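See below for the structure under consideration.
Protein chains in written order, with our numbering: chain A, 1 to 200; chain B, 1 to 100.
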């Protein structure tokens, strides 16, 4: 490798802010996501008492079940951060392991949400039953879609890493996935408290 | 400790044992949150739940998302979005007399 080439490849990582553009973009995205979920949570808070002839939140919510789901998602944040830590150390084996476990825990959470929605529907809580049910399904459904997208990204990244075709830094790729995953977790921390634990 | 090792710790946060400790604290707070559903906390119910939620949020953002160890620019970007969202939606909820 010539000296010029070495300088050029080093300069490719230098940005005007001195920060990684990928990371900066991810934090901007997460900041904007606060506005999206803020809107959905506010809408739910406004309509949670508008149950019409349908069931009330306290009649249908299964707090023990949702508590277990919350715990599973919380633990997936631990496995994700262990995956990021392993990626920074260049430990590929543990990176694969923890990323795969995170995807598995995420899938467990989504499975639980599908079960919960099915149970709610069977108890007469349809999407258009009341303003409460609509705002509840939109909020928790959007969160569930975010978790599902996270699982797809985790599995895709695993596949790409196995083929050693990760563009740029492998550890930064895993770190960005981690940021997204933790964000999904903090949104659930808010949803679990405001929607499930505080009675109407 | 070499300079390289110091830089690595500063950039990437904590040891794995540290992450496990944070996760255990988060799990304990979650258990405490769930207990409010079964135990009557009286007037402390709502403030206690809100404080526990905020503590969990900050712990995940600071330690798992590394904001505590990372460049402050990322902290500003994220919290700016969050504070903007809280402000905008508090005003929106107040407009609909949610707090009264």
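Positions of the beta carbon are idealized from the N, C-alpha and C atoms, including for glycine.
Here the structure is a predicted model, which is why all the values come from computation and not from measurement.
Along the stretch 82-112 of chain A, going in chain order, the ones with a CB nearer than 9 Å to a CB of chain B are 82, 84, 85, 86, 88 and 89. Annotation: residue 48/B has no Cβ neighbours in chain A at a cutoff of 9 Å; minimum Cβ distance is about 10 Å.
Across the set 124/A, 157/A and 28/A, the C-alpha of 28/A shows the shortest separation from the C-alpha of residue 73/B. The stretch 124-143 of chain A makes contact with the stretch 28-40 of chain A, as at least three CB pairs between them are under 8 Å. With a threshold of 8 Å between beta carbons, residue 72/B makes no contact with chain A.
Contact of residue 51/B with chain A is not assigned, every C-beta pair being separated by 8 Å or more. Residue range 21-47 is occupied by the alpha helix (DSSP H) that includes residue 33/A. Nearest to residue 33/A by C-alpha distance, out of 133/A, 99/A, 183/A and 172/A, is 183/A. Straight-line measurement puts the Cα of residue 105/A at about 11 Å from the Cα of residue 150/A.
Sequence-distant Cβ neighbours of residue 125/A in its own chain, meaning closer than 7 Å and more than five residues away, are 54, 55, 60 and 133. Below 8 Å, enough C-beta pairs join the stretch 52-65 of chain B and the stretch 65-84 of chain A to call them touching: three or more. Residue 56/B has a beta carbon lying within less than 8 Å of a beta carbon in chain A.
The criterion of a C-beta distance shorter than 8 Å is not satisfied by residue 25/A and residue 78/B. Straight through space, the alpha carbons of residue 115/A and residue 21/A are spaced by roughly 40 Å.
Here residue 97/B is exposed, its C-beta having fewer than 16 other C-beta atoms within 10 Å. Contacts with chain B at 8 Å (Cβ-Cβ) do not include residue 62/A. Not flagged as an interface residue toward chain B: residue 173/A, since no C-beta distance is shorter than 8 Å. With distances taken between CA atoms, residue 190/A lies nearest to 44/A out of 65/A, 44/A and 19/A.
If the five residues before and after residue 101/A are omitted, its C-beta is found closer than 7 Å to the C-beta atoms of 79, all from its own chain and listed in chain order.
Interface annotation for the stretch 24-41 of chain B against chain A: 26, 27, 30, 33, 34, 36 and 37, criterion Cβ-Cβ distance under 7 Å. When C-beta atoms of the stretch 153-167 of chain A are compared with those of the stretch 25-44 of chain B, fewer than three pairs fall below 8 Å, so the two segments do not count as touching. Sequence-distant Cβ neighbours of residue 138/A in its own chain, meaning closer than 7 Å and more than five residues away, are 40.
Taking 8 Å as the upper bound for CB-CB distance, residue 48/B and residue 41/B are in contact here, some 6 Å apart. Comparing alpha-carbon positions, the option among 81/B, 27/B and 70/B lying closest to residue 55/B turns out to be 27/B.
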